[in-house]
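Numbered as in the working numbering, the sequence shown ends at 775 without a single skipped number. A short worksheet on the structure shown next.
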Amino acid sequence: MYHIASRIDRLPSTPMLRKILLITGIGWMFDAMDQGMVAGVMASIGADWELSTSQIGMLGSAGMLGMILGAALSGMAADKWGRRTVIVWTLVIYGLSSGISGFSINYTMLIIFRFLTGFGLGGELPAASTLISEFSPKKIRGRNVIILESFWAWGWILASLVAYMLIPVYGWRMALWVGAVPALIAAYLRRAVPESPRYLEKSGKPDKADQLVRIMEKEAGFDEYPHENHLDAQTKEIKVRMSLIELWSAKYIRSTAVLWTIWFGINFGYYGFVLWTPSLLVAQGFDLVKSFEFTLIMCLAQLPGYFSAAYLVEKIGRKPVLSIYFAGTAIAAWLFGHGDSATQILLYGSLLYFFSLGAWGCVYAYTPEVYPTIARGSGTGWAAAFGRIGALIAPMVVPVIYNAFGEATGFGYVFALLTGVFAFVAIIVAIFGKETKGKSLEEISGEGINE
Numbered sequence: 325m326y327h328i329a330s331r332i333d334r335l336p337s338t339p340m341l342r343k344i345l346l347i348t349g350i351g352w353m354f355d356a357m358d359q360g361m362v363a364g365v366m367a368s369i370g371a372d373w374e375l376s377t378s379q380i381g382m383l384g385s386a387g388m389l390g391m392i393l394g395a396a397l398s399g400m401a402a403d404k405w406g407r408r409t410v411i412v413w414t415l416v417i418y419g420l421s422s423g424i425s426g427f428s429i430n431y432t433m434l435i436i437f438r439f440l441t442g443f444g445l446g447g448e449l450p451a452a453s454t455l456i457s458e459f460s461p462k463k464i465r466g467r468n469v470i471i472l473e474s475f476w477a478w479g480w481i482l483a484s485l486v487a488y489m490l491i492p493v494y495g496w497r498m499a500l501w502v503g504a505v506p507a508l509i510a511a512y513l514r515r516a517v518p519e520s521p522r523y524l525e526k527s528g529k530p531d532k533a534d535q536l537v538r539i540m541e542k543e544a545g546f547d548e549y550p551h552e553n554h555l556d557a558q559t560k561e562i563k564v565r566m567s568l569i570e571l572w573s574a575k576y577i578r579s580t581a582v583l584w585t586i587w588f589g590i591n592f593g594y595y596g597f598v599l600w601t602p603s604l605l606v607a608q609g610f611d612l613v614k615s616f617e618f619t620l621i622m623c624l625a626q627l628p629g630y631f632s633a634a635y636l637v638e639k640i641g642r643k644p645v646l647s648i649y650f651a652g653t654a655i656a657a658w659l660f661g662h663g664d665s666a667t668q669i670l671l672y673g674s675l676l677y678f679f680s681l682g683a684w685g686c687v688y689a690y691t692p693e694v695y696p697t698i699a700r701g702s703g704t705g706w707a708a709a710f711g712r713i714g715a716l717i718a719p720m721v722v723p724v725i726y727n728a729f730g731e732a733t734g735f736g737y738v739f740a741l742l743t744g745v746f747a748f749v750a751i752i753v754a755i756f757g758k759e760t761k762g763k764s765l766e767e768i769s770g771e772g773i774n775e
């Protein structure tokens with residue numbers, strides 16, 4: 325029996341947990357704000373610097389390349405030095421790099437600092453979702469991680485407002501500067517976030533873990549956990565770390581294969597449309613301001629997407645929610661690619677954002693659940709890193725397909741490809757995914773069995 329885990333799992337939502345969720349979510353929101361503004365920046369800077377379609381695509385891919393490296397390294401760092409350390413420093417790296425991007429004097433400088441911005445962003449997200457997952461009781465764990473991910477929607481809404489109101493008047497540099505300052509403030513606020521009790525226990529610091537859980541128990545009005553000698557159970561630090569090869573061992577190969585497929589598919593599909601939406605709308609005949617306006621309206625549909633997924637993930641489970649929302653995203657992508665009026669584009673675009681972001685939330689909730697504490701950061705980080713390869717490729721593939729078929733039909737072919745990707749992921753989850761609803765993290769991963 326894992327004493328700390330058992331005590332956490334019996335708790336309701338507590339003020340400490342809600343505070344941690346809010347502070348972590350604020351940083352997540354400004355991460356999303358920066359990522360969301362890239363779409364507007366790409367469209368604006370392309371016109372300002374007279375960049376080719378391929379150059380604009382490389383601008384998006386540079387950030388994704390940074391996210392790949394950031395996710396892989398930060399996952400291992402989170403297992404070695406703690407989740408809290410990683411979520412603070414990666415946000416600092418992201419904020420500084422984003423601000424400096426606004427001072428870029430040429431294309432090369434911008435590419436470099438977009439890479440560094442992506443490094444911070446890619447490293448922050450897996451560690452943050454792991455932290456919230458480990459702090460949350462099993463009955464609300466999935467919901468909490470999706471609520472954390474829902475801050476992404478607010479970030480994109482802010483980004484859309486900035487793009488709509490500032491970029492046409494003040495240019496793309498102002499957008500990057502506006503996003504950098506609050507991100508650094510959020511990094512400062514995160515100093516108040518404590519380390520994961522589960523991580524502390526496994527790192528040979530059960531007293532600190534016990535102190536944190538006691539605070540949450542007191543806030544919930546719970547008596548002391550009724551097990552005797554509970555601090556003797558896990559006092560020895562476990563130094564063994566799970567390697568990348570071990571993630572593909574017989575015990576975890578199914579989970580790892582499914583997760584890597586999910587992450588690659590959702591990244592390829594999502595970044596295939598979201599970074600290009602303003603540019604593609606401009607190519608379809610809408611002016612830049614109107615494309616930003618449409619994107620803002622679509623972004624509002626993310627919120628009910630997240631909240632509905634957060635509700636359903638604890639009612640019907642992770643597996644059905646993932647399958648349904650990926651299938652919905654596939655259908656919406658097809659309809660959006662074949663919309664032939666402003667009304668249809670808005671309607672189908674809103675459905676696309678609704679389903680895709682609901683799926684994103686469930687992906688973040690599901691990923692940390694399948695690995696043990698000693699490898700939860702690494703497993704989540706490697707899955708995210710592999711997924712970002714899809715995000716790296718998509719911005720380069722989209723213009724190739726679009727240009728190959730021409731403006732008249734290229735738009736439809738782009739979204740036909742994305743439809744196929746989302747549909748494939750929905751099928752994989754339905755067939756090979758496993759359910760984790762209502763189970764403790766230790767029960768899912770087999771952690772502690774035969775120990």
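Glycine included, each C-beta is placed from N, C-alpha and C at the ideal position.
Item                                                                                                                  : Value
Helix, strand or coil at P696 according to DSSP, with G and I counted as helix                                        : coil
Same chain only: Cβ atoms within 8 angstroms of L472, ignoring 5 sequence neighbours per side                         : L345, T348, G349, W352, A452, S453, I456 and Y688
Backbone CA spacing between V486 and S428 [nearest angstrom]                                                          : 19 angstroms
N-terminal and C-terminal residue of the alpha helix (DSSP H) that E374 is part of                                    : No alpha helix (DSSP H) contains E374, which DSSP labels as neither H nor E.
Simplified DSSP state of P518, which is helix, strand or coil                                                         : coil
Supposed contact pair G419 and L511 - C-beta distance, whole angstroms, cut 8 angstroms                               : The sequence given here has Ala at residue 511, not Leu. Contact flag correct, Cβ pair sits at about 6 angstroms.
Reference F746; option with closest CA among Y690, A707 and G596                                                      : G596
Burial state of T432 (16 or more Cβ within 10 Å)                                                                      : exposed
Other residues of its chain near L513: CB distance less than 8 angstroms, five sequence neighbours each side excluded : I347, I350 and G351
Local Cβ density within 10 Å of E693, reported as buried at 16 or more and exposed below that                         : buried
Neighbourhood of S579 by C-beta, 6 angstroms cutoff - its chain only, sequence neighbours within 5 removed            : V694
Beta-carbon spacing of V416, L508 below 9 angstroms                                                                   : yes
Candidates S385, A708, S680 and F618, of which the one nearest S665 by Cα                                             : F618
Alpha carbon of I698 to alpha carbon of G370, nearest angstrom                                                        : 45 angstroms
Where K526 falls, given that 16 or more other Cβ within 10 Å makes a residue buried                                   : buried
Alpha helix (DSSP H) segments (min. 4 residues) lying fully within the region 697-757                                 : 700-756
E638 (DSSP reduced to helix, strand or coil)                                                                          : coil
Local Cβ density within 10 Å of K761, reported as buried at 16 or more and exposed below that                         : buried
Unbroken alpha helix (DSSP H) run spanning R407, endpoints                                                            : R407 to S425
Cβ neighbours of A633 in the same chain (closer than 7 angstroms, five flanking residues each side left out)          : I470, V645, Y649, G682, G685 and C686
Proximity of I491 and A499 at Cβ, strictly below 9 angstroms                                                          : yes
Cα-Cα separation, W742 to L716                                                                                        : One detail in the question is off: residue 742 reads as Leu in this sequence, not Trp. Each residue's alpha carbon lies about 15 angstroms from the other.
For E759, the nearest candidate out of A657, V637 and K532 (CA to CA)                                                 : V637
Helix, strand or coil at T760 [DSSP, three-state]                                                                     : coil
Nearest-angstrom Cα separation, counted from G381 out to K463                                                         : 42 angstroms
Beta-carbon proximity list for L725, same chain, < 7 angstroms, skipping 5 on both sides                              : It should be noted that the sequence gives Ile, not Leu, for residue 725. G734, Y737, V738 and L741.
F756 versus S425 - alpha carbon distance                                                                              : 42 angstroms
Coil, strand or helix - G770 by DSSP                                                                                  : coil
Pick from G466, F437, G495 and A356 that is closest to S421, judged by C-alpha positions                              : F437
Same chain, Cβ closer than 7 angstroms to S484, neighbours up to 5 away in sequence not counted                       : G360, F616, T619, L620 and C623
Distance CB(G629)-CB(Y677) smaller than 9 angstroms                                                                   : yes
Range of the contiguous alpha helix (DSSP H) that encloses P492                                                       : I491 to Y494
Residue burial classification, E448 (beta-carbon count within 10 angstroms, cutoff 16)                                : buried
Segment limits, alpha helix (DSSP H) that includes G545                                                               : Element bounds for G545: n/a, residue is neither H nor E.
Assigned secondary structure, L341 (DSSP; H/G/I helix, E/B strand, else coil)                                         : helix
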